[in-house]
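A short write-up of the structure that comes next.
2 protein chains.
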Amino acid sequence: MRSKHAAILKTCKFLASGGTKITRLPVDADGLVRPDGLLRALQSSVTVVSVMAANNVVGTIQPIEELAQFAKLHGVLFHTDAVQAGGKIPLDVNRLQVDLLSLSAHKLHGPKGVGALYFRKGTGLAPIIFGGGQERGLRSATENVAGIVGFGAAAELARKELNQEAARLAGLREYIATEVLRNFPNAYLYGHPTKRLPGHLSFGFRGQEREVGKLLDALDQAGVAVSAGSACSANHSGEPSGVLLAMGYDAESARGLIRVSLGRFSTQQEVDCFLDVLSSAVSTLSDTARSASLAGLTNPAEVAFA
Amino acid sequence: MRSKHAAILKTCKFLASGGTKITRLPVDADGLVRPDGLLRALQSSVTVVSVMAANNVVGTIQPIEELAQFAKLHGVLFHTDAVQAGGKIPLDVNRLQVDLLSLSAHKLHGPKGVGALYFRKGTGLAPIIFGGGQERGLRSATENVAGIVGFGAAAELARKELNQEAARLAGLREYIATEVLRNFPNAYLYGHPTKRLPGHLSFGFRGQEREVGKLLDALDQAGVAVSAGSACSANHSGEPSGVLLAMGYDAESARGLIRVSLGRFSTQQEVDCFLDVLSSAVSTLSDTARSASLAGLTNPAEVAFA
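Okay, structure coming up:
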């Protein structure tokens, strides 16, 4: 198992409470699952391996095809959480050779509250919801027809535009990365430099990791929505990202991640606006931090942000 | 437990496979749960009682307030499946004193694929889906926002129009019942004559129970959609309704039920059209059945319907 998302983590926690043994796969400094770690795990009595196709926090794209092949050779089921990757990178279940793949409609501009689970024929699945036998008996309930149709339409559009959108978004991402690194000497990037989601960039400011909350507030007030780590939890805990800790970041750096997500409607103009807003927000932060430091306060988080 | 719907039956079957003891509550000839049966069941180590607020097959409305009170006195949780009753009869959780109540949006003209579970504060519930902690941790997943809003709007409308709609639909129902009984000497009604959903009527034709399928096909071809028993199963099994067997009907009569559901958009004109179509469909059936009998065929189902 290697996933940051609570949908997998909490499910594993529940399984563990029932006695199932959970093994976390190690990742390298870029967030890539280490094949040797998977091979070691496969020596024990593993029944299913789950690896995110692309990480939601650092954007790293995993070598799913290679990892799934290892699992297949050991007769172990392979699941990939492709929620972040769906509509953004090609996902061919036959090429990837995964047994199970999950998707979420709203991540590819479809309606909220609809998802899909692909499973290869012959994969033994047992339902947890019972009733009228809909969805081949695996998810009984009157189907969310409007949502399903919307998901289908969104997926079709995403597929059609995937190549050109991926190229466009990767261009915008590289532009932001270059500007951020050029403008802020203490800026650094998280995740793999090239094996990453086209519209996903994550960076931090060395020495200012504790001020991410204020930075986000300032950006929010200027109409720019970016995330600190994972946004997929209803209750933000302020805990450092587990995947960043696994990548070797200390708790401080793990808390300092700023995630920029670009999508179909993001434009060059918006990106330039974001960079402007970011510059003035960071300069204000530095001043505040310096004032705080001058005033003898040890914790910058205690300083009200003007 | 007294419910016809697979959502409850299949869940009980699953629980039973894990060792949970399931007790089916007896009903009387009108489909009403017998209070003495519930009291007997409450003597054993029951933890939760589930009774449908109104039955989907025969339309009978259960005395939920009275039954929930018995459960309460014995310190047993009481759940009611109010999917059929929602928006059609008043449902006040404080008056009914139920601990849990389930609803489905599409049954009150809301969108398909959305439901609600009311639970009284302090009712100990454990999730079966894990993730971001949405819905107070009980149903993790990005919410179906459009569906939820549509459900809310539909529920508000249903509540506003409930009294006048109930009176109007009960009037149409009584009109159909009177006409059916007057026009067909072998017609009979199922369920309680008055304690029933306003827009729900179920009837059969004595001696012609096996021809319900053909009757429904003929009605369908004439543009009238009625159901044979429960329509809430994706795979129609042709099995006789369990609740009808429990009410004392033999398998033959249990298979002969025709269910007419009237809703907000049903009109007197449509009802008259239905009665015309029904008359001609039934007369054709009788002829076919007679011809089949004359031709020496023993199974009328083998006769093609013209």
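Going down the list, the protein sequences come from chains A and B. Position one of the first sequence corresponds to residue 5 (my numbering), numbered consecutively onward. Position one of the second sequence corresponds to residue 5 (my numbering), numbered consecutively onward. Just so you know, even glycine gets a beta-carbon here, dropped at the ideal spot from N, CA and C. Given the structure is predicted, the values throughout are model-derived calculations rather than measurements.
Any idea what DSSP makes of residue i, helix, strand or coil?
{"i": "LEU219 of chain A", "result": "helix"}
{"i": "GLY208 of chain B", "result": "strand"}
{"i": "ARG99 of chain A", "result": "helix"}
{"i": "VAL52 of chain B", "result": "strand"}
{"i": "THR64 of chain A", "result": "strand"}
{"i": "VAL264 of chain B", "result": "strand"}
{"i": "HIS240 of chain A", "result": "With a pLDDT of only 48 at HIS240 of chain A, under 50, the local geometry of the prediction cannot be trusted, and the value read off the model is given with reservation. DSSP places HIS240 of chain A in coil when its eight states are reduced to three."}
{"i": "ASP254 of chain A", "result": "coil"}
{"i": "LYS17 of chain B", "result": "helix"}
{"i": "ASP85 of chain A", "result": "strand"}
{"i": "TYR179 of chain A", "result": "helix"}
{"i": "GLY156 of chain A", "result": "helix"}
{"i": "PHE123 of chain A", "result": "strand"}
{"i": "LEU142 of chain B", "result": "coil"}
{"i": "SER245 of chain B", "result": "coil"}
{"i": "SER270 of chain B", "result": "coil"}
{"i": "ARG364 of chain B", "result": "For residue 364 of chain B there is no data in the structure shown, the boundaries of chain B being 5 and 310."}
{"i": "ALA235 of chain B", "result": "Its pLDDT being 49, under 50, ALA235 of chain B is placed unreliably by the model, and the measurement read from it follows with that caveat. The answer is coil: DSSP assigns ALA235 of chain B none of H, G, I, E or B."}
{"i": "LEU105 of chain A", "result": "strand"}
{"i": "VAL31 of chain B", "result": "strand"}
{"i": "LEU129 of chain A", "result": "coil"}
{"i": "ALA226 of chain B", "result": "coil"}
Determine the contact status of residue i and residue j, defining contact as a CB-CB distance below 8 Å.
{"i": "LEU81 of chain A", "j": "VAL52 of chain A", "result": "yes"}
{"i": "LEU176 of chain B", "j": "GLN272 of chain B", "result": "yes"}
{"i": "SER144 of chain B", "j": "ALA11 of chain A", "result": "yes"}
{"i": "GLY151 of chain A", "j": "GLY126 of chain B", "result": "no"}
{"i": "LEU104 of chain A", "j": "LEU121 of chain A", "result": "yes"}
{"i": "GLY35 of chain B", "j": "HIS196 of chain B", "result": "yes"}
{"i": "GLY252 of chain B", "j": "ALA33 of chain B", "result": "yes"}
{"i": "PHE188 of chain B", "j": "VAL286 of chain B", "result": "yes"}
{"i": "VAL281 of chain A", "j": "ALA191 of chain A", "result": "no"}
{"i": "LEU95 of chain A", "j": "ALA75 of chain A", "result": "no"}
{"i": "PHE134 of chain B", "j": "PHE134 of chain A", "result": "no"}
{"i": "LEU2 of chain B", "j": "GLU183 of chain B", "result": "The question about residue 2 of chain B has no answer, for chain B in this structure spans 5 to 310."}
{"i": "VAL50 of chain B", "j": "THR27 of chain B", "result": "yes"}
Can you tell me whether residue i is buried or exposed, with buried defined as 16 or more other CB within 10 angstroms of its CB?
{"i": "SER21 of chain B", "result": "exposed"}
{"i": "GLU215 of chain B", "result": "buried"}
{"i": "LYS218 of chain A", "result": "buried"}
{"i": "THR15 of chain A", "result": "buried"}
{"i": "SER206 of chain B", "result": "buried"}
{"i": "PHE37 of chain B", "result": "The amino acid at residue 37 of chain B is misidentified as Phe; the sequence shows Val. Buried, because 16 or more other Cβ atoms sit within 10 Å of the Cβ of VAL37 of chain B."}
{"i": "GLU256 of chain A", "result": "exposed"}
{"i": "ILE132 of chain B", "result": "exposed"}
{"i": "GLU213 of chain A", "result": "buried"}
{"i": "THR198 of chain A", "result": "exposed"}
{"i": "HIS9 of chain B", "result": "buried"}
{"i": "GLN168 of chain A", "result": "exposed"}
{"i": "LEU43 of chain B", "result": "exposed"}
{"i": "LEU71 of chain A", "result": "buried"}
{"i": "LEU185 of chain B", "result": "exposed"}
{"i": "ARG140 of chain B", "result": "exposed"}
{"i": "ARG210 of chain A", "result": "exposed"}
{"i": "GLY79 of chain B", "result": "exposed"}
Hey, residue i and residue j are a contact pair by Cβ (cut 8 Å); roughly how many whole angstroms apart?
{"i": "ILE93 of chain A", "j": "ALA170 of chain A", "result": "7 Å"}
{"i": "LEU261 of chain A", "j": "SER245 of chain A", "result": "7 Å"}
{"i": "ALA109 of chain B", "j": "ALA86 of chain B", "result": "Contact flag wrong, Cβ pair sits at about 12 Å."}
{"i": "GLY203 of chain A", "j": "GLY114 of chain A", "result": "16 Å between Cβ atoms; not a contact."}
{"i": "ALA222 of chain B", "j": "THR288 of chain B", "result": "7 Å"}
{"i": "PHE62 of chain B", "j": "TYR194 of chain B", "result": "For the sequence presented, residue 62 of chain B should be read as Val rather than Phe. Confirmed, Cβ separation roughly 5 Å."}
{"i": "ALA162 of chain A", "j": "GLY91 of chain A", "result": "3 Å"}
{"i": "GLY119 of chain B", "j": "LEU129 of chain B", "result": "Rounded, the Cβ-Cβ distance is 15 Å, inconsistent with contact."}
{"i": "ASN59 of chain A", "j": "VAL247 of chain A", "result": "6 Å"}
{"i": "VAL102 of chain A", "j": "ILE68 of chain A", "result": "7 Å"}
{"i": "ALA159 of chain B", "j": "LEU201 of chain B", "result": "In fact, because the Cβ distance is near 17 Å, the residues do not count as touching under 8 Å."}
Using a C-beta to C-beta distance shorter than 9 Å, which residues of chain A count as neighbours of residue i?
{"i": "ASN148 of chain B", "result": "PRO115, LYS116, GLY117, VAL118, ASN148 and GLY151"}
{"i": "ALA229 of chain B", "result": "Neighbours of ALA229 of chain B on chain A: none; closest Cβ ~16 Å, over 9 Å."}
At a CB-CB cut-off below 7 Å, which residues of chain A make contact with residue i?
{"i": "ALA15 of chain B", "result": "It should be pointed out that residue 15 of chain B corresponds to Thr in this sequence rather than to Ala. Within 7 Å Cβ-Cβ: PHE134."}
Can you list the residues of chain B that residue i reaches, using a CB-CB cut of under 8 Å?
{"i": "SER108 of chain A", "result": "THR146"}
{"i": "ALA10 of chain A", "result": "PHE134, GLY135, GLY136, GLY137 and SER144"}
Name the chain B residues that come within less than 7 Å of residue i, Cβ to Cβ?
{"i": "PHE18 of chain A", "result": "PHE134"}
Quick one: is the Cβ of residue i within less than 7 Å of any heavy atom of the ligand GTP?
{"i": "TYR253 of chain B", "result": "The model on display carries no ligand, and the ligand GTP is accordingly not part of it."}
Quick check on residue i - is its C-beta less than 8 Å from some C-beta in chain E?
{"i": "ARG172 of chain A", "result": "Structure shown: chain E not included; protein chains present are A and B."}
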